[in-house]
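Each residue of the sequence shown is one higher than the one before, counting from 39 in the numbering used here. Beta carbons are placed, not taken as given, at the ideal position from N, Cα and C, and that holds for glycine. These numbers come from a predicted model, not from an experiment.
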Amino acid sequence: MISLRPNVRMGLVGLALTTAGMAASGEEPALKHVVPKGLLIGAAVSERQVDGRDAIARRVVTRHFNSVTPENLLKWRPIHPQPDEYVFEPADRYVAFGEDHGLTVIGHTLIWHPQTPDWVFVGKDGGRADRETVLSRMRTHIEAVVGRYRGRIHGWDVVNEALNDDGTFRETPWLETVGEEYIAKAFEYAHAADPEAKLYYNDYNLWKPEKRAAALRIVKQLRQRGLRIDGVGEQAHYMLDSPSIGEIEATITALAGSRVQVMITELDIDVLPRDPEMRGADLPKQAEFLAETNLYPNGLPKAQQEQLARRYADIFTLVMRHRDKLSRVTFWGVTDGQSWLNNFPLRGRVNYPLLFDRQGQPKPAFNAVVDVLKGS
39 MISLRPNVRM
49 GLVGLALTTA
59 GMAASGEEPA
69 LKHVVPKGLL
79 IGAAVSERQV
89 DGRDAIARRV
99 VTRHFNSVTP
109 ENLLKWRPIH
119 PQPDEYVFEP
129 ADRYVAFGED
139 HGLTVIGHTL
149 IWHPQTPDWV
159 FVGKDGGRAD
169 RETVLSRMRT
179 HIEAVVGRYR
189 GRIHGWDVVN
199 EALNDDGTFR
209 ETPWLETVGE
219 EYIAKAFEYA
229 HAADPEAKLY
239 YNDYNLWKPE
249 KRAAALRIVK
259 QLRQRGLRID
269 GVGEQAHYML
279 DSPSIGEIEA
289 TITALAGSRV
299 QVMITELDID
309 VLPRDPEMRG
319 ADLPKQAEFL
329 AETNLYPNGL
339 PKAQQEQLAR
349 RYADIFTLVM
359 RHRDKLSRVT
369 FWGVTDGQSW
379 LNNFPLRGRV
389 NYPLLFDRQG
399 QPKPAFNAVV
409 DVLKGS
């Protein structure tokens, strides 16, 4: 088995890598059996995995995790594409899959602007709908979706990605039609639809102080209105070298200080270089960026495997240090082949951001995490 064990004198930077052959799938310890009691360890799953069409990833999920989050099944567009049309069958299978395997089922997400259909914001005259019409549609949607799974879905990402990195509100159709109160209304309607479900705010880059402060203001304002909010999720789409461990730790402690559950909700590590100019580049420039940054099309070399393992070890050492503050760690995906990072921000990039390779086999990063969780 490949094992990364912390060198006590040198810290996690001085991890010693030993190899004796990767353990065959099924022989490695299950993550859910080595996490501290009370900490959920989860993965985001797709419809193919729920249905069994991706049998490899499905086996990984049922063996290693005790919580699941849907990648897309519960977002507005796939589940409620037209005003009078709901497509519940895939989501029904997702919830049943979690229940059948004893997994804590998370709902993701009720309000997120990229996957809200245009019709939600269109008025009778074809122009922008008025505030009350949009709020009525929001209430109807939340009542239908949350109400259908009342008592079966443990907690909901009620609002997703409402903030810019500088702490201002993102200019979205929700903000334009309803104003800042759309966040409070979403939490209000979700609680009414299932009073027992836990309710979360979820966003990325909360390690940036301005954005984190804005998320904490959301928590404070919801409580001032007497509304329920149980937790805040830091999505944790990290790079190999950023954010720093100190920045991640500051996020955990600051969020915990507001007396909410702290969750790492969409954890993955991008191993490829990324240029901000990639997005929006013309096709010739995209081809140039792809050639320059698609560094490992045929597999991740040993040195980069070790670097990824050290990064995950550092993160999970932090998880263990603050296990009293964290309620859940969820990976955004199951195997490398499934990850959204393979095509972000340009199609064709081959990435390796998770603990399991494309065959569902544990990587050195998996063993690094297990060693930390077991206290090696």
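Backbone CA spacing between residue i and residue j [nearest angstrom]
{"i": "L42", "j": "Q343", "result": "Residue confidence for L42 is low, a pLDDT of 37 falling below 50, so the modelled location carries little weight and cannot support an answer."}
{"i": "E109", "j": "W150", "result": "13 Å"}
{"i": "M60", "j": "P400", "result": "Since pLDDT at M60 reaches only 38, below the 50 mark, its modelled position is unreliable, and the value read off the structure follows with that caveat. One C-alpha to the other measures close to 7 Å."}
{"i": "G295", "j": "V216", "result": "30 Å"}
{"i": "Y390", "j": "V309", "result": "7 Å"}
{"i": "V183", "j": "W194", "result": "11 Å"}
{"i": "K162", "j": "H179", "result": "19 Å"}
{"i": "R175", "j": "G386", "result": "38 Å"}
{"i": "Y132", "j": "L112", "result": "9 Å"}
{"i": "H146", "j": "W245", "result": "21 Å"}
{"i": "V388", "j": "N380", "result": "5 Å"}
{"i": "E127", "j": "A341", "result": "44 Å"}
{"i": "L411", "j": "L338", "result": "24 Å"}
{"i": "P2", "j": "P152", "result": "In the structure as shown, the chain begins at 39 and stops at 414. Residue 2 is therefore absent and cannot be evaluated."}
{"i": "Q397", "j": "L213", "result": "43 Å"}
{"i": "G413", "j": "A329", "result": "41 Å"}
{"i": "D395", "j": "N198", "result": "29 Å"}
{"i": "E65", "j": "P281", "result": "33 Å"}
{"i": "R266", "j": "E226", "result": "8 Å"}
{"i": "A222", "j": "D320", "result": "40 Å"}
{"i": "V143", "j": "D156", "result": "28 Å"}
{"i": "L254", "j": "F327", "result": "37 Å"}
{"i": "K420", "j": "V196", "result": "In this structure the chain extends from 39 to 414, so residue 420 is not present and cannot be described."}
Cβ distance (whole Å) where residue i is taken to contact residue j below 8 Å
{"i": "T331", "j": "P314", "result": "About 12 Å; that fails the 8 Å criterion."}
{"i": "L148", "j": "A224", "result": "6 Å"}
{"i": "L393", "j": "S377", "result": "11 Å between Cβ atoms; not a contact."}
Minimum C-alpha distance to residue i - residue among the options
{"i": "L69", "options": "V372, F382, N380 and R387", "result": "V372"}
{"i": "T259", "options": "E218, A231 and A294", "result": "A small correction: the amino acid at residue 259 is Gln; Thr does not occupy that position in the sequence shown. Ranking the options by Cα distance to Q259, first place goes to E218."}
{"i": "M316", "options": "A325, V309 and R396", "result": "A325"}
{"i": "G269", "options": "I290, P121, G284 and S282", "result": "I290"}
{"i": "G189", "options": "P281, P322, A231 and K75", "result": "A231"}
{"i": "G80", "options": "A134, W157, D306 and W378", "result": "D306"}
{"i": "R250", "options": "I144, G140 and D204", "result": "D204"}
{"i": "L141", "options": "I191, D279 and W370", "result": "I191"}
{"i": "S365", "options": "G318, Q299, S377 and L392", "result": "Q299"}
{"i": "V72", "options": "F103, R297, I267 and D362", "result": "F103"}
{"i": "E181", "options": "Q376, A228 and R266", "result": "A228"}
{"i": "K75", "options": "T206, L392 and V357", "result": "V357"}
{"i": "Q120", "options": "V160, R86, I144 and E304", "result": "V160"}
{"i": "L384", "options": "T368, K323, N336 and D374", "result": "K323"}
{"i": "A288", "options": "P247, I144, V158 and D279", "result": "P247"}
{"i": "G284", "options": "P211, T355 and D320", "result": "T355"}
{"i": "E234", "options": "Y187, T210 and Q262", "result": "Y187"}
Short CB-CB distance (under 8 Å) between residue i and chain B
{"i": "A231", "result": "Absent from the structure is chain B; it holds one protein chain and no more."}
N-terminal and C-terminal residue of the alpha helix (DSSP H) that residue i is part of
{"i": "D352", "result": "K340 to R359"}
{"i": "G271", "result": "That residue, G271, is in no alpha helix (DSSP H); its beta strand (DSSP E) goes G269 to E272."}
{"i": "H179", "result": "R169 to R186"}
{"i": "D131", "result": "Correcting the residue identity first, residue 131 is Arg in this sequence and not Asp. Its alpha helix (DSSP H) spans residues E127 to D138."}
{"i": "D241", "result": "Careful: D241 lies outside any alpha helix (DSSP H), inside the beta strand (DSSP E) at K236 to D241."}
{"i": "H102", "result": "A93 to H102"}
{"i": "H71", "result": "L69 to V72"}
{"i": "V372", "result": "Element bounds for V372: n/a, residue is neither H nor E."}
Bounding residues of the beta strand (DSSP E) (the contiguous stretch that carries residue i)
{"i": "M301", "result": "Q299 to D308"}
{"i": "E80", "result": "Here residue 80 turns out to be Gly, not Glu, going by the sequence shown. Start and end: L78 to V83."}
{"i": "W194", "result": "G193 to N198"}
{"i": "H146", "result": "T142 to I149"}
{"i": "Y220", "result": "Run containing Y220: none in the beta strand (DSSP E); it sits in the alpha helix (DSSP H), Y220 to A231."}
{"i": "R366", "result": "L364 to F369"}
{"i": "T107", "result": "S105 to P108"}
{"i": "Y276", "result": "H275 to M277"}
Residue i CB to nearest heavy atom of the ligand ATP below 7 Å
{"i": "E272", "result": "You won't find the ligand ATP in this model; it holds no ligand whatsoever."}
TODO: Answer yes if the region 161 to 174 comes into contact with the region 86 to 95, meaning at least three C-beta pairs across the two stretches below 8 Å, and no otherwise.
DONE: Too few Cβ pairs lie closer than 8 Å, so no.
- [ ] Check whether the region 239 to 254 touches the region 264 to 277, counting contact only when three or more Cβ pairs, one atom from each stretch, lie closer than 8 Å.
- [x] The answer is yes - the region 264 to 277 touches the region 239 to 254, with three or more Cβ pairs under 8 Å.
Task: Stretch-stretch touch, CB-based, cutoff 8 Å, three pairs: the region 402 to 411 with the region 344 to 351 - done: Yes, since at least three Cβ pairs between the region 402 to 411 and the region 344 to 351 fall closer than 8 Å, the two stretches touch.
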